[in-house]
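Worksheet: the structure to be examined is printed underneath.
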Amino acid sequence: MSNIRNLRKRVTVRVLACLVLILSMPGLFCACGKKTGSSDEYRKYLGDYDYDYSIFAMVFETPEGETEPGVLYRQVLDLNSLVKTCPMPVCFLFYSGMHADVYGLFASMEQVAEQYHDKVMIIAIDALEEKDMAASYNIEALPEAIMIKDNMQKSRFDGQSRKDWTAQDLANWIIAEAQK
């Protein structure tokens, strides 16, 4: 009788272990961090070309009717969906249009967007216009950059905690973080 009870306990434990494994399988496949869909699926979350949007992506592409590609500023229509479907890391660049050297900063970021267009996507966010978003990311000084990989914040370029830095230092940081 004791042997039968022990056998039943072992069978019950094995059956429960198998059930746990079977029930957790879908989660293993969904939570692995892989992107689903086509590699260009993220593009449907990009809107028109313009320089006046408060959130825009710096994309390297050939505009319709042109023959040469260049870095264009495209409106981001749905930031969360764009980040979730983008097959590469995304760098949020929080800036202020009132910053004295915003054009020099953007020139460096455009070089990164052109040379590393298949390694990282740069999303520029006007922190003064998008105050709620800046607050949610605890932005304290501008410019500041946050690298997002697999839909999670991975690292931060905090300009306030660095003594001296240049736009090229920020560009080098983005390149290094995108390749990690």
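Using the working numbering, you'd call the opening residue of the sequence shown number 112 and step up by one each time. All residues carry an ideal CB built from backbone N, CA and C; glycine is no exception.
Under a Cβ-count criterion, where at least 16 other Cβ atoms within 10 Å of its own Cβ denotes burial, should residue i be classed as buried or exposed?
| i | result |
| --- | --- |
| Leu118 | In this predicted model, Leu118 has a pLDDT of only 39, less than 50, meaning its place in the structure is not dependable; the value taken from the coordinates is given anyway. Exposed, because fewer than 16 other Cβ atoms sit within 10 Å of the Cβ of Leu118. |
| Tyr164 | buried |
| Glu288 | buried |
| Thr196 | buried |
Cβ of residue i within 8 Å of Cβ of residue j?
| i | j | result |
| --- | --- | --- |
| Met169 | Ala224 | yes |
| Tyr184 | Tyr156 | no |
| Tyr227 | Leu216 | no |
| Ile234 | Leu204 | yes |
| Val194 | Asn262 | yes |
| Asp159 | Gln186 | yes |
With distances taken Cα to Cα, identify the nearest neighbour of residue i among the options.
| i | options | result |
| --- | --- | --- |
| Pro198 | Ile166, Ile259 and Gly215 | Ile259 |
| Lys242 | Asp151, Ile166, Glu179 and Asp189 | Ile166 |
| Pro180 | Leu188, Asp189, Gln222 and Leu190 | Gln222 |
| Tyr153 | Pro174, Asp189 and Thr173 | Asp189 |
| Asp151 | Ala278, Gln279 and Asp229 | Asp229 |
Excluding the five sequence neighbours on either side, which residues of its own chain have a C-beta within less than 7 Å of the C-beta of residue i, listed in chain order?
| i | result |
| --- | --- |
| Ala238 | Phe205, Tyr206, Ser207, Ala245, Ile250 and Leu253 |
| Phe268 | Glu255, Ala256, Leu281 and Trp284 |
| Glu172 | Pro180 and Leu183 |
Please look up how many angstroms separate the CB atoms of residue i and residue j, rounded, as I've assumed it's under 8 Å.
| i | j | result |
| --- | --- | --- |
| Leu281 | Ser219 | 7 Å |
| Ile285 | Val201 | Not quite, the Cβ-Cβ distance comes to about 11 Å (not below 8 Å), so this is no contact. |
Might you give, ordered along the chain, the residues of its own chain that have their beta carbon closer than 8 Å to the beta carbon of residue i, omitting 5 neighbours on each side?
| i | result |
| --- | --- |
| Tyr214 | none |
| Gly270 | Ala252, Leu253, Pro254, Glu255, Trp276 and Leu281 |
| Pro174 | Tyr160, Gly181 and Leu183 |
Excluding the 5 residues preceding and the 5 following residue i in the sequence, name in chain order all residues of the same chain whose CB lies nearer than 6 Å to its CB.
| i | result |
| --- | --- |
| Lys265 | Met258 |
| Lys274 | none |
| Glu240 | Ser165 |
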